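Taking numbering that gives the first Met the number 0, the leading residue of the sequence shown gets 0, the next gets one more, and so forth.
Even glycine gets a Cβ: it sits at the ideal position worked out from N, Cα and C.
Computed from a prediction, not measured in an experiment: that's the story for all the values here.
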Amino acid sequence: MRKLFLLITFFSITQFVTAQEKSIAEKLVDEQLNGYNKRDIDAFLQPYSDSVELYAFPNTFLYKGKDIMRKEYAEMFTNTPNLYCTIKSRIVLGNKVVDEESVLFNKTKPPFRAVAIYVIENNKIAKVYFMQ
């Protein structure tokens, strides 16, 4: 009986710990967010696929590729010293992460509210959909 109790306890704890671990998708999105908030272009781009595609929700194509993304974001990082993104809520569903974001561009103005949907493929962020 004691062995059965220990076995059940072990499996219960294992399931709880496993449920608390972040998924690869969430880790990748957190990694890019940390780079964004540090305004470190290399750290920001690291979790993205070289052929990442960006869209305005639901399906308006914006651009494709890390090279274009580097140009767009590096300029913003340089010219926006107060830039900071806070996640207000997050949903993780398989290979997708949906973040409600509050983005501060200028300390004298209220934060900008947006939603970003990240799609993970082959352990990289492959697509991003922005909603405002």
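Quiz item: DSSP three-state call for Lys26: helix, strand or coil?
Solution: What you label residue 26 is simply residue 27 of the sequence shown in a count that begins at 1. Residue state, collapsed to three classes: helix.
Quiz prompt | Length of the line joining the Cα atoms of Val28 and Glu120 | solution = Position 29 of the sequence shown, counted from the start, is the residue given in the question as residue 28. Position 121 of the sequence shown, counted from the start, is the residue given in the question as residue 120. Rounded to the nearest angstrom, the two C-alpha atoms are 12 Å apart.
Practice problem: Mind checking which residues open and close the beta strand (DSSP E) that includes Glu99? | Solution: Mapped onto the sequence shown, residue 99 falls at position 100. Going by DSSP, Glu99 is part of the beta strand (DSSP E) stretching over Lys95 to Leu103.
Quiz item: Which same chain residues, not among the five before or five after Tyr35, have their C-beta less than 7 Å away from its C-beta?
Solution: One-based indexing of the sequence shown puts residue 35 at position 36. Excluding sequence neighbours, Tyr35 sits near Phe43 and Cys84.
Quiz item: Cα-Cα, which of Glu74, Ile116, Thr107 and Ser48 is closest to Leu92?
Solution: The residue you call residue 92 lines up with position 93 of the sequence shown. The residue with the shortest Cα to Cα distance from Leu92 is Ile116.
Practice problem: Using three-state DSSP, classify Glu20 as helix, strand or coil. | Solution: One-based indexing of the sequence shown puts residue 20 at position 21. Reduced to three states, the DSSP call for Glu20 is coil.
Quiz item: Which same chain residues, not among the five before or five after Ser50, have their C-beta less than 7 Å away from its C-beta?
Solution: As a working mapping, residue 50 is identified with position 51 in the sequence shown. The beta carbon of Ser50 sits closer than 7 Å to those of Lys63 and Gly64, all from its chain and outside the five residues before and after it, given in chain order.
Quiz item: What separation, rounded to the nearest whole angstrom, lies between the Cα atoms of Ile90 and Glu20?
Solution: Taking the sequence shown and counting its residues from 1, one reaches residue 90 at position 91. Taking the sequence shown and counting its residues from 1, one reaches residue 20 at position 21. C-alpha separation (whole angstroms): 14 Å.
Quiz prompt | alpha helix (DSSP H) segment containing Thr77, residue limits | solution = Counting from 1 along the sequence shown, the entry for residue 77 is found at position 78. Where Thr77 is concerned, the enclosing alpha helix (DSSP H) stretches over Lys65 to Asn78.
Quiz prompt | In DSSP terms, what Phe111 is bridged to | solution = Residue 111 sits at position 112 when you count from the first residue of the sequence shown. Looking at the DSSP assignment, Phe111 forms a beta bridge with Val102.
Self-check item: Endpoints, the alpha helix (DSSP H) within which Leu92 is located
Solution: Taking the sequence shown and counting its residues from 1, one reaches residue 92 at position 93. DSSP places Leu92 in no alpha helix (DSSP H) but in the uninterrupted beta strand (DSSP E) bounded by Tyr83 to Leu92.
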